[in-house]
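Take a look at the structure set out below.
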Amino acid sequence: MPQVLRRRRPNRGFEGVTLLPDGKTLVAVLESPLDNPKETGRASKVTRLFAFDTQSGRSRQYLYVQDAVDDHNSDLVAISQTELLVLERDAGMPGDTSHPAAIKRVYRVDLTGATDVSDSSDRAEGMLLNGKTVESSTPAELAAHGIVTVRKSLVADLLALGYPHDKPEGITILNYSTIAISNDDDFGVTEGPAPKLLSTIRETDFNEAFIIHLAAPLR
């Protein structure tokens, strides 16, 4: 594993993994930007996708730009050898006025043409751009150095579909016109432990398979 992974934010390492159709390549997504260093990593929107060849042991790293600082990439699933669905969310609860949700989205991600930012020297901080880490660089600075991030296009806005949960954390493809989202309900309790209430429907949180029929098929 690349040394830079040691700088993962605690409890926000690999949050999802999928097998590509070739049967040998695993792609994992980091939940959040690396603490690389911590001060800039916590303010960054740039997280990473790791592709591992299970036969050779070689790996590649691609950059994914989140919609907002402190978003979470919760899961991913392969569509093809170069395309994935990635689940991105914030920590807000739909309908909660004190900490409202803004981002619960499924994106189609294309690796084609994206830059492999693996560090051939395997330094602790990974690839450096004029002495700066990837997480210390803005998307504009990355582009100025010729770094191409993965392309992402919206497939489903869960909030617009009435999704009531704060933590969508699983995704699968049922068929090319239908996907399913699962959530982490935290056993229906908070750290209190008071009941964890869903603000939009005023019920204690529960596990659900949220089925989405897509307007356009994935392939």
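Numbering (this note's numbering), first residue to last: 381 to 599.
Yeah, the Cβ is synthetic: ideal placement off N, Cα and C, and Gly gets one too.
Everything numeric in this text was worked out from a predicted model, so none of it was measured.
Can you tell me whether P480 is buried or exposed, with buried defined as 16 or more other CB within 10 angstroms of its CB? exposed
Between the Cα of A408 and the Cα atoms of E395, D415 and N416, which residue gives the shortest distance? E395
Would the segment 526-533 count as touching the segment 425-443 if we require 3 or more Cβ pairs under 8 Å? yes
With distances taken Cα to Cα, identify the nearest neighbour of H452 among A540, K418 and E411. E411
In three-state DSSP terms, what is Q342? The shown model of the chain, from 381 to 599, leaves out residue 342, and the question about it has no answer.
With a cut-off of 8 Å, do at least 3 Cβ pairs link the segment 564-580 to the segment 472-486? Between the segment 564-580 and the segment 472-486, the count of Cβ pairs shorter than 8 Å is three or higher; the stretches touch.
Can you tell me which of R422, L538 and M381 puts its alpha carbon nearest to the alpha carbon of R392? R422
Selected residue, minimal CA-CA separation from G517, among R488, T398 and L414: The question names Gly, but residue 517 is Ser in the sequence shown. Closest option to S517, Cα to Cα, is L414.
In the DSSP assignment, find the beta strand (DSSP E) that holds T552 and state where it starts and stops. Taken as a continuous stretch (DSSP letters only), the beta strand (DSSP E) holding T552 covers P548 to N555.
Are L534 and A458 closer than 8 Å when you measure CB to CB? no
Measure the alpha-carbon distance for T492 versus S501 and round it to whole angstroms. Rounded to whole angstroms, T492 to S501 spans 24 Å at the Cα level.
May I ask you to report which of helix, strand or coil DSSP gives P544? coil
Beta-carbon proximity list for A574, same chain, < 7 Å, skipping 5 on both sides: none
Kindly indicate which three-state DSSP category R387 falls into: helix, strand or coil? helix
Among P548, V569 and I591, the one whose alpha carbon lies nearest that of T558: I591
Does DSSP put A596 in a helix, in a strand, or in coil? coil
Suppose you measure from the CA of D546 to the CA of T495; what does that come to, to the nearest Å? Distance between the alpha carbons of D546 and T495 is about 32 Å.
Close Cβ partners of N511 (< 8 Å) along its chain, the five nearest in sequence each way excluded: Strictly speaking, residue 511 in this sequence is Gly, with Asn absent from that position. Cβ within range, chain order: n/a, list empty.
For V486 and I551, believed in contact at Cβ under 8 Å, the rounded distance: 7 Å
Residue burial classification, Y543 (beta-carbon count within 10 angstroms, cutoff 16): buried
Give the DSSP bridge partners of K532, in chain order. V489
Verify whether the separation of the beta carbon atoms of R469 and I483 is less than 8 Å. yes
DSSP state of A523 mapped onto helix, strand, coil: helix
Let's see if you can read the secondary structure: which residues bound the alpha helix (DSSP H) around G506? No alpha helix (DSSP H) contains G506, which DSSP labels as neither H nor E.
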